[in-house]
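Enquirer: Adding 4 to a residue's 1-based position in the sequence shown gives its number in our numbering. Please see the structure below; I have some questions.
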Amino acid sequence: MATPSETSGLCPDWVLSTSSNVHVARDRAWFSTYTPFPTFTTSYVATSGPEALGIGDVHLPVKLFPKRSGPGAHGTLHLRDVLHVPTSVCNIIGSPGTGDYSGITFAGLGDDGKDGAITAQNGRRLGYFVGRRLMVLKLSGPPIGPAVGPSALETGTHYMIGATWPDSERQRWAAAQADHATNQGEPAAGPSAPYTQKEKAWLKREWGGEFKFLAAYGLSIYKDEDREEGRSIARAMMEADEVEDTSM
């Protein structure tokens, strides 16, 4: 994600839209990985909706429970294949059936946020929503989360939040990814594989080592599942760096 000075104007509203089949981010600075890829979405009222400029991964620092504090009160929600749509009213969390969560309930928040929680397949809490008409993801505030701008959603205004990414465009993106992987030659190590010497050097250069990298994402070097999650994030970042280097 971008530096704090670059995120002060970020749209803070990540709205749940169960009718959407894709995630959408309004600001480029939300992305941890990014590939320029012109595409488009459709909406309730138009067969050709806002244009997207690119696709990437977004790692959102989130509150896990409404009434808890300390390190255990925060986490990171990882969204994959998020579309960058600068003209979107707000950010959208869709229900594409992919990513790090398997189920969403949003019948209204209880005292512990249970009814609005995002959970992983193993039941691990990944975040929660607040609101009634529009369910908005609760982000972590500074210094854990980034400084953001004011809400783009006006009280008393009715919004129709939704985005559909056509299957034809999704298939075109998958084909582009396959071509990129083929052109890279030797396949990259999977998330579970230990870091290579080259990857360790990148972590040391960019983050000061694996320990500091994991800590920045609220992960622990003493937990195997956290280290695996960290390897997945780090390798996505390394791949994005390589793409940027080759395009310069």
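Every residue gets a Cβ at the ideal spot worked out from N, C-alpha and C, and that includes glycine.
1) Using a Cβ-Cβ cut-off of 7 Å, state whether Val19 counts as contacting chain D.
2) So, Trp211 versus Asn25, is the Cβ gap smaller than 7 Å?
3) According to the Cβ coordinates, are Val62 and Leu83 closer than 7 Å?
4) Should Gly60 go down as buried or exposed, given a rule of 16 or more other Cβ atoms within 10 Å for buried?
5) Which one of Trp34, Ile165, Pro16 has the shortest CA to CA distance from Ser47?
6) Would you mind sorting Thr37 into buried or exposed? The rule is 16 or more other CB atoms within 10 Å of its CB.
7) What first and last residue would you give for the alpha helix (DSSP H) that runs through Arg209?
8) Given the structure, does Arg30 come close to the ligand GDP, in the sense that its CB is under 6 Å from one of the ligand's heavy atoms?
9) Please determine, among Ala179, Phe35, Leu64, the residue with the shortest C-alpha to C-alpha distance to Leu130.
10) Whole-angstrom Cβ separation of Val152 and Pro16, contact assumed at under 8 Å?
11) Considering only the beta carbon of each residue, do Ala33 and Leu14 sit closer than 7 Å?
12) In the DSSP assignment, find the unbroken beta strand (DSSP E) run with Phe217 in it and report its ends.
13) Tell me where the beta strand (DSSP E) around Phe44 begins and ends.
14) Determine the DSSP secondary structure at Tyr226, reduced to helix, strand or coil.
15) Going by beta-carbon coordinates alone, are Val19 and Ile122 separated by less than 7 Å?
16) Could you give the first and the last residue of the continuous beta strand (DSSP E) run that contains Ala121?
17) State the beta-bridge partners of Gly135 as determined by DSSP.
18) Tell me whether the beta-carbon of Val4 lies closer than 7 Å to the beta-carbon of Ala56.
Expert: Reading from the atomic positions:
1) In the structure shown, chain D does not exist; there is a single protein chain.
2) no
3) yes
4) buried
5) Ile165
6) buried
7) 201 to 211
8) Questions concerning the ligand GDP fall outside what the structure shown contains, since it holds no ligand whatsoever.
9) Leu64
10) 4 Å
11) yes
12) Per DSSP, Phe217 belongs to no beta strand (DSSP E); it is in the alpha helix (DSSP H), 214 to 220.
13) 39 to 44
14) coil
15) no
16) 121 to 123
17) Gly135 is not bridged to any residue.
18) Outside the displayed range of the chain (5 to 252) lies residue 4, so it cannot be described from this structure.
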